[in-house]
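The working numbering applies: residue 1303 is where the sequence shown begins, and numbers increase by one.
The next block holds one structure in the form of structure tokens; read it before the comments.
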Amino acid sequence: MEQCIVLLKPFEEITKITSSGLSCISEVIPHVAVLMRYIQKEETSRKVPTLLQFLTSLKTQLQQRFEHLDENPKYFLATLLDPRFKTNFFGVIQAEKARQRLLLESLKLSCSEEDSVSSEGDSPPMKKRAGYGMGIHETFWDCFNELSKTRLKTLVKVL
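This is the structure we're talking about:
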């Protein structure tokens, strides 16, 4: 019974943390990563020699339940943007995917904001002042918008 308590203590701690009213979505990936590391440690196996089958089952269940967690953009981006975690709980490939995903999402937001502004019928302030010698600046920002939309399409194809 003591070995079972030792084995499940970290699960209890994380359950208490996530059950509090202050828990947030960005903590999910780090908590799962910590539990997986704890289960995989040799030291944990030595502490619970009579529960090795239970330990193996626990590891398998955790992997099955959370295997696609890092593919979910909500969890992925929340963890990446949390200053406590950043990319600390991602592998090299996962961290790069997270950065690309963040860039893609920000470009999507930027493009959708531009589309909503232009579809409202109100022209941007620069276009209203075009008669005041802003033609060059207007062309510059049109190029900027074209380039950002091209990059967005390229990123969408890559991902």
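Ideal Cβ placement from N, Cα and C applies to all residues, glycine included.
- Task: Would you please state the rounded distance, in angstroms, between the beta carbons of Tyr1377 and Ile1316? I believe it to be under 8 Å.
- Result: Indexing the sequence shown from 1 puts residue 1377 at position 75. Indexing the sequence shown from 1 puts residue 1316 at position 14. That pair is no contact at about 15 Å.
- Item | Nearest to Arg1367 (by Cα), restricted to the options Gln1355, Lys1311 and Val1334 | Locating residue 1367 in the sequence shown gives position 65, where the first residue counts as 1. Minimum Cα distance to Arg1367 is reached at Val1334.
- Task: Give every residue of the same chain whose Cβ lies closer than 8 Å to the Cβ of Ser1414, excluding the five residues on either side of it in the sequence, and list them in chain order.
- Result: Numbered from its first residue, the sequence shown carries residue 1414 at position 112. Take Ser1414, set aside five residues on each side of it, and no residue of its chain has a beta-carbon closer than 8 Å to its own.
- Message: Using a Cβ-Cβ cutoff of less than 8 Å, which residues in the same chain neighbour Asp1372 once the five nearest sequence positions on both sides are dropped?
- Response: Taking the first residue of the sequence shown as position 1, residue 1372 is located at position 70. Result list for Asp1372: Ile1331, Phe1378, Phe1392 and Gln1396, in chain order.
- Query: Alpha carbon to alpha carbon, how far is Thr1362 from Glu1416?
  - Reply: Numbered from its first residue, the sequence shown carries residue 1362 at position 60. Numbered from its first residue, the sequence shown carries residue 1416 at position 114. If you take the alpha carbons of Thr1362 and Glu1416, they lie about 47 Å apart.
- Message: Can you check which of these residues, Glu1407, Cys1445, Lys1349 and Cys1306, is closest to Ala1475 by C-alpha distance?
- Response: Only positions 1303 to 1461 of the chain appear in the structure, and residue 1475 is not among them; the question remains open.
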